[in-house]
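Q: Handing you this structure, nothing more for now.
Right, here's the structure in full:
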């Protein structure tokens, strides 16, 4: 038949590409030889949503391709006589850690190639496939494999991947949410609803089947609750989603799960941030190039300043606001005391006019009561005495 169809053996190499496209995993097959075509009920391009994907560490093989012929019999292991027309089903799926059924779990992209003169229909359910025994670790391809084809060294890296250090992120790794807000969310997510932990419910809603991986590795995590939020915002950053949109999407998830308290916690921070940022934008217009000196006095590291400038090229005012927002999130004080601290540092860098501007800035709505006015006036008096 191969001679009649003018094509190569089914065991010949076919060009298959797996690559990222805005965060989703896309599998395509190209350069199909004369006499063959993609089966009409399958698409030349298949997508696995990013929300259903958990990535292995860098420089590892994340996805495998399992080729099948005659609807379920692997080309390498089938000796059965089958009169149906031959074809090639390419399954692209993610290998799951700590799982004995890697090839049959999770999302699959199916690429089905058939002869043009006899198209085969797709089975209703994808058949389970068995991976051949591997001589080396499927990730590093160097060390002898242990459990599920992964060596001990790579298994440690898998566990570390979910607890990686996010200190290099200028937003703290949580979409710009303050430490206080994150801690309040963690407290809520540790609670149970309908007999199930809220963080498990959240993980299932965000990552789908990816929760199985989180669940299987959580024994190696110091705090699995916080890792769910880390992983969520990490995926959003990789997809180029702005912090504001990422937080907005998280609010939608909380609403779907009827986590009303979580919604209130996040919205309260959003309202506070909006009021604070109004001041920061006005201050940025007046501050100019002196902001890097101020950053040093506010204990913003040179590395953080570099990343802020790199992420906001030729946007000086945006750089200043980003720096001030970062400092504000770290400044754990009561009420409007943070404005006093900011004014003090402006005095230190010889900018008394801006210090006065911060002190005199119209307070946010919650500062309108008399108690807060007294506190605000005391701050101003202390600044004048200094």
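In the numbering used here, the protein residues as written are 4 to 389. We put the CB at the ideal spot given by N, CA and C, even for glycine.
From this set, 355, 301, 356, which residue's C-alpha is nearest residue 332's C-alpha?
A: For residue 332, the nearest C-alpha among the options comes from 301.
Q: Have a look at residue 291 and residue 297 and give me their C-alpha separation to the nearest angstrom.
A: Rounded to whole angstroms, residue 291 to residue 297 spans 11 Å at the Cα level.
Q: Considering only their Cβ atoms, is the gap separating residue 255 from residue 180 smaller than 8 Å?
A: No, Cβ-Cβ distance for residue 180 and residue 255 is not below 8 Å.
Q: Taking all protein chains shown into account, do 16 or more other C-beta atoms lie within 10 angstroms of the C-beta of residue 316, making it buried, or fewer, making it exposed?
A: With fewer than 16 Cβ atoms within 10 Å of its Cβ, residue 316 is classed as exposed.
Q: Residue 320 and residue 426 - do their beta-carbons sit closer together than 8 Å?
A: This structure does not reach residue 426, given that the chain is present from 4 up to 389, and the question cannot be answered.
Q: How about residue 195 and residue 259: do their beta carbons lie closer than 8 Å?
A: Not closer than 8 Å, so no.
Q: Nearest CA to the CA of residue 280: which residue from 200, 324, 268, 239?
A: Of the listed residues, the one whose Cα sits closest to residue 280 is 324.
Q: Could you pull the DSSP bridge partners for residue 199 from this structure?
A: Paired residue(s): 196.
Q: Closer than 8 Å, CB to CB, is residue 200 near chain D or not?
A: Of the chains in the structure shown, none is chain D; there is only one protein chain.
Q: Let me know the alpha helix (DSSP H) ranges lying completely inside the region 302 to 363, each 4 residues or longer, listed in chain order.
A: You should have 305 to 314, 319 to 333, 340 to 351, 355 to 363.
Q: Which residue comes first and which comes last in the alpha helix (DSSP H) that contains residue 236?
A: It spans 227 to 241 - the alpha helix (DSSP H) in which residue 236 sits, taken as one unbroken run.
Q: Report yes if the C-beta distance between residue 239 and residue 249 is below 8 Å; otherwise report no.
A: Cβ atoms of residue 239 and residue 249: closer than 8 Å.
Q: Measuring CA to CA, which of 186, 246, 349 is closest to residue 229?
A: If we check each option's Cα against that of residue 229, 186 comes out closest.
Q: For a quick check, are the C-beta atoms of residue 189 and residue 201 less than 8 Å apart?
A: The answer is no: Cβ separation not under 8 Å.
Q: Considering only the alpha carbon of each residue, which of 178, 275, 282, 326 lies closest to residue 234?
A: Here the closest residue by C-alpha is 178.
Q: Between the beta-carbon of residue 156 and the beta-carbon of residue 148, is there less than 8 Å?
A: Against a cut-off of 8 Å, the Cβ pair of residue 148 and residue 156 comes out as no contact.
Q: Label residue 313 either buried or exposed according to how many other C-beta atoms from any shown protein chain fall within 10 Å of its C-beta, with 16 as the threshold for buried.
A: Exposed, by the Cβ-count rule.
Q: Output the distance between the C-alpha atoms of residue 358 and residue 343, rounded to the nearest integer angstrom.
A: Going by the C-alpha atoms only, they are around 9 Å apart.
Q: Once the 5 residues before and after residue 265 are set aside, which same chain residues still bring their CB inside 7 Å of it?
A: If we look at residue 265 and ignore the five residues flanking it on each side, its Cβ neighbours are 188, 191, 257.
Q: Thinking C-alpha only, which one of 154, 293, 363, 184 is nearest residue 351?
A: Ranking 154, 293, 363, 184 by Cα distance to residue 351 puts 293 first.
Q: In chain order, what residues of the same chain lie with their CB nearer than 7 Å to the CB of residue 277, ignoring the 5 residues before and after it?
A: None.
Q: Alpha carbon to alpha carbon, what distance is there between residue 327 and residue 231?
A: Looking at the two C-alpha atoms, the distance is approximately 27 Å.
Q: For residue 355, I'd like the list of residues in its chain whose CB is within less than 8 Å of its CB, leaving aside the five on either flank, ordered along the chain.
A: Taken in chain order, the residues that qualify are 349.
Q: Between 318, 311, 199, 283, which has its C-alpha nearest residue 346's C-alpha?
A: Measuring from the Cα of residue 346, the nearest candidate turns out to be 283.
Q: Comparing alpha-carbon positions, which option in 330, 311, 176, 309 lies nearest residue 241?
A: Among 330, 311, 176, 309, the Cα nearest to that of residue 241 belongs to 176.
Q: Residue 296 lies in the alpha helix (DSSP H); which residues open and close that run?
A: First-last of the alpha helix (DSSP H) with residue 296: 294 to 300.
Q: Who are the near neighbours of residue 303 in its chain, counting only those whose CB is closer than 7 Å to its CB and skipping five residues on each side?
A: Once the five neighbours on either side are set aside, the close Cβ partners of residue 303 are 326, 329, 330.
Q: Straight-line CA distance for residue 285 to residue 31?
A: C-alpha separation (whole angstroms): 50 Å.
Q: When you compare only the Cα positions, how much space is there between residue 204 and residue 198?
A: Distance between the alpha carbons of residue 204 and residue 198 is about 11 Å.
Q: Could you tell me if residue 227 is buried or exposed, where buried requires 16 or more neighbouring beta carbons within 10 angstroms of its beta carbon?
A: Its Cβ being crowded by 16 or more others within 10 Å, residue 227 is buried.
Q: Could you check which residue in 364, 361, 268, 305 has the C-alpha nearest to that of residue 184?
A: Residue 268 is the option with its Cα nearest to residue 184.
Q: Excluding the 5 residues preceding and the 5 following residue 361 in the sequence, name in chain order all residues of the same chain whose CB lies nearer than 8 Å to its CB.
A: Once the five neighbours on either side are set aside, the close Cβ partners of residue 361 are 282, 286, 342, 345, 346, 349.
Q: With DSSP as the reference, label residue 180 as helix, strand or coil.
A: Here residue 180 sits in coil by DSSP.
Q: Would you report the Cα separation of residue 340 and residue 289, rounded to the nearest angstrom?
A: Their Cα atoms are separated by approximately 22 Å.
Q: Express the C-alpha separation of residue 334 and residue 236 in angstroms, rounding to a whole number.
A: The straight-line gap from Cα to Cα measures roughly 22 Å.
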